[in-house]
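Protein chains in written order, with our numbering: chain R, 1490 to 1999; chain U, 579 to 1006.
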């Protein structure tokens, strides 16, 4: 290989309370496809945001050397100017504009502010040809599938004289066929001499196209493997190899009869009606048991949980929910809550909290009946309840009158938990309960979970952090592409086993 | 980190610092009462520029009668805006209901159905149905409220004009009906003469001379003030008994005294004229009801939660669709009441009744501190906002300011109030 195009040296990035990256090194040579792999939360996306200037220079430590020059990007504009283009996980296209309008958005061929549509469309056609997309440049984005949208994103990147193309989980929402086409396209670009960084946790894909693999874990570079050393086993070991010390509170499981049971649960996508998101799931949770659902992003775990909870997601939902052996109606959130099911969302800011109201009002929201008589709220009782839960879950705030929008992530999560604890459920579904919160707060959340299990609740935990599942659950289901692809007692489980269940299950037809 | 929600900095506020709480109680209260202070300042300003006309008892009665419909509709609009919606149709609905009422009482021979009370009840129900019809599309089909109610604004103004046969007006309305707006409560206790009126040479009393108090008004006013003080003290006691801090005692005393003094002043003003206007009584009852519903009832809490974060509210088991429908039904009923009040004040139904009043109503709610994003706003704020608009209308009219310039001033006050709010919020 020729010269090094990019070198990132000793990159350290801290968020208040969390060290997201610590002394990460990445060296990419010209003309190669360099894969960056790691678990969810390992720091891959943060690293790419540092590189592309989303986190401007000065907010991190370390050096970025691109084409032999040290770069200090103040924003995305600077990095794009140098030819570094990043395609994010969530596509950033405007749905109601055409392909051509999207590709040249903010960069239109124009004279005195008047757009030359012919020039734009001609260039768009040329770019679409390059990425192998046969669509009219005038087609609206909303009318083409996700796979094609991904290609439009790439065409947009190509329109910017790209020297280094970064793809963040490009195939996460693509079908098998579209993914293959995308990988072929990457290989084609490589033949033309372009350098790309591929962020992925689909190891079969990495195996197929990457020349080098850098493994990141807990915000550190573990190793960089050359083509000859790349193997799934090697990568898996490297990705997960860490010990489980006492980051989890000890607990004595006291497991009883089956409380919560789901039978043959199927759900279709709310917009793309032909896409089946959840494909016949069966699972059960016992009294006092903590059950985990492992899987990668896009496996359908959140969709599964939300469809269970009052059909808050999806269409054409079929299947049965049983509580203590009896089928129950969970067709609306209030019915689900009445039957004693609670769902703590993965996205507390969007779905969990009223951020412009204070802690007290948030805690009682799911069970206003518990603090009122004849629909009149008893102020004193409400205050007592709020203070009680604030103490129980150790919410750090000046008082229960503090706005939840001003709390840290961990304390916000405790407010959401308190809200559902006050609703007194039998079954608690916790979706990514520790996402984006610091280590200390995580431990507190684990302690609450352990205490709830000891009180005899049935708890279902969805998490992308495998060590967490291994540390706090009794039994683990592995989910992939809308199916349960494995089930194992936590005692027998390991990150390797889970990873294997996922990657081996990939693309497997049922 | 594939999901980059960087954790917010840990709150560095130490547990329960008494002085800090006292200070924050003061600042939040200042913000809350800032609006009332603004109203008083504006009133004093006009009292000065109109050389004392504003506070004349007869003018205060006029002021209440002219603006009550804005405030009644603002109560409904507050809930609509807190829920995160808007209603542009209220002025047209009010106009339509006025036309309907006038037709029922004057044109159509409906026998006993033409009785003012029956007509009023029918009209309130029709208002509720209109609200339900609009709310249905907003709640269950997610059509933006701006569009649905813009359509309603056109539709009901059109029907209003059609009912009145083009450009003509329908009247006169029966006196019993007009009492809703221009009536005063009867003095069941009997007047108390403090200073005997001057009698002129012809042996007639000179109007406005002497001082006679409408005793029923005085008694009602005293009861209201005592009740206010009693409930204030009771809530304080209750908090203290449960071991929670109430607001600082001096602040509480000052607040209660100032509010009582203001209330007594107004009572005196009304009592020295013809007593409490009926419409003020109606308004007072409605305001108390809405304060109670928004502050103390579960449905009120749910409305705030829905406006603050509709998805989180839904996932907490709140039926946001039904709640939205109820909010619009309530708005419809209050628009109808507004329409009845307008018709009763004019003594006839006119095609332009309530024209443009939706904007005054919305302005009142925003001046009162509600957020256009939903989830924030207080009943008292909307009421005070309504009075600020009303006092400015009244004061500038007396001063002889041209109607065109009145609009400019009202627009500036609205903008200023909202800018002040946003600035305050950013600083906090």
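We treat Cβ as the ideally placed atom computed from N, Cα and C, and that holds for glycine.
Since the structure is predicted, the reported quantities are computational estimates derived from the model, not experimental observations.
For the alpha helix (DSSP H) assignment, the uninterrupted runs of no fewer than 4 residues enclosed by the segment 737-773 of chain U are, from N- to C-terminal side, 753-760. The Cβ atoms of residue 731 of chain U and residue 670 of chain U sit closer than 7 Å to each other.
Interface with chain R (7 Å Cβ-Cβ cutoff): residue 923 of chain U is excluded. Not one beta carbon of chain U lies nearer than 7 Å to the beta carbon of residue 1920 of chain R.
Between residue 667 of chain U and the set U/956, U/937, U/918 and U/987, the nearest pair of CA atoms involves U/937. Looking at U/970, U/812, U/892 and U/912, the one whose alpha-carbon comes closest to that of residue 1820 of chain R is U/892. Against chain R, the CB of residue 676 of chain U has no partner CB under 7 Å away; the residue lies outside that interface. Judged by their CB atoms, residue 1967 of chain R and residue 1947 of chain R are not nearer to each other than the 7 Å cut-off. Residue 1844 of chain R reaches chain U at 886 and 887, counting residues in chain order whose Cβ is nearer than 8 Å.
Residues of the segment 1816-1846 of chain R with a Cβ closer than 9 Å to any Cβ of chain U, in chain order: 1821, 1822, 1823, 1824, 1825, 1826, 1827, 1832, 1834, 1835, 1836, 1837, 1838, 1839, 1840, 1841, 1842, 1843, 1844, 1845 and 1846. For residue 1864 of chain R, the nearest CB of chain U lies under 7 Å from its own CB, placing it at the interface with that chain.
DSSP places residue 1913 of chain R outside any beta strand (DSSP E), giving it a letter other than H or E. Put simply, of U/835, U/807 and U/845 the residue whose alpha carbon is nearest the alpha carbon of residue 797 of chain U is U/845. The secondary-structure analysis by DSSP pairs residue 1773 of chain R across a beta bridge with R/1750. CA-CA distance, residue 1624 of chain R to residue 1688 of chain R, rounds to 27 Å.
By the C-beta criterion, the segment 637-650 of chain U is judged not to be in contact with the segment 694-710 of chain U, since fewer than 3 inter-stretch pairs fall below 8 Å. Counting only residues of its own chain and dropping the five nearest sequence neighbours on each side, residue 1919 of chain R has a CB closer than 6 Å to the CB of 1833 and 1950. According to the DSSP assignment, residue 1786 of chain R belongs to no beta strand (DSSP E), since it is labelled neither H nor E.
At a cut-off of 7 Å between beta carbons, residue 1855 of chain R contacts chain U. Taking 7 Å as the CB threshold, residue 1983 of chain R stays off the interface with chain U. In the displayed model, residue 1978 of chain R falls within a strand according to three-state DSSP.
Shown here, residue 1850 of chain R sits in a helix according to DSSP, grouped into three states. Within chain R, the residues 1795, 1798, 1799, 1801, 1822, 1832, 1834, 1840, 1841 and 1855 have their CB atoms less than 9 Å from the CB of residue 893 of chain U, given in chain order. Contact with chain U is found for residue 1861 of chain R, since one of that chain's Cβ atoms lies less than 7 Å from the residue's Cβ.
Inclusion of residue 1713 of chain R and residue 1701 of chain R in the CB contact set at 7 Å is warranted, their separation being smaller than that value.
Shown here, residue 1902 of chain R sits in a helix according to DSSP, grouped into three states. Relative to the Cα of residue 1879 of chain R, the nearest Cα in the group R/1941, R/1902 and R/1758 belongs to R/1902. Contact residues of the segment 935-955 of chain U toward chain R are 953 and 954 (C-beta to C-beta distance below 7 Å). Chain R has no Cβ within less than 7 Å of the Cβ of residue 719 of chain U. Annotated three-state conformation of residue 1718 of chain R is helix, per DSSP. Under the three-state reduction of DSSP output, residue 724 of chain U falls in the helix class. Following the DSSP letters along the chain, one finds residue 1566 of chain R inside the alpha helix (DSSP H) bounded by residues 1565-1571. Contact annotation: in the segment 789-806 of chain U, no residue has its CB less than 7 Å from a CB in chain R.
Excluding its 5 nearest sequence neighbours in each direction, residue 1638 of chain R has C-beta neighbours in its own chain below 8 Å: 1580, 1582 and 1630, listed in chain order. Excluding five sequence positions before and after residue 911 of chain U, the CB atoms of its chain that fall closer than 6 Å to its own CB belong to 702, 705 and 706, given in chain order. Secondary-structure assignment with DSSP links residue 1969 of chain R through a beta bridge to R/1972.
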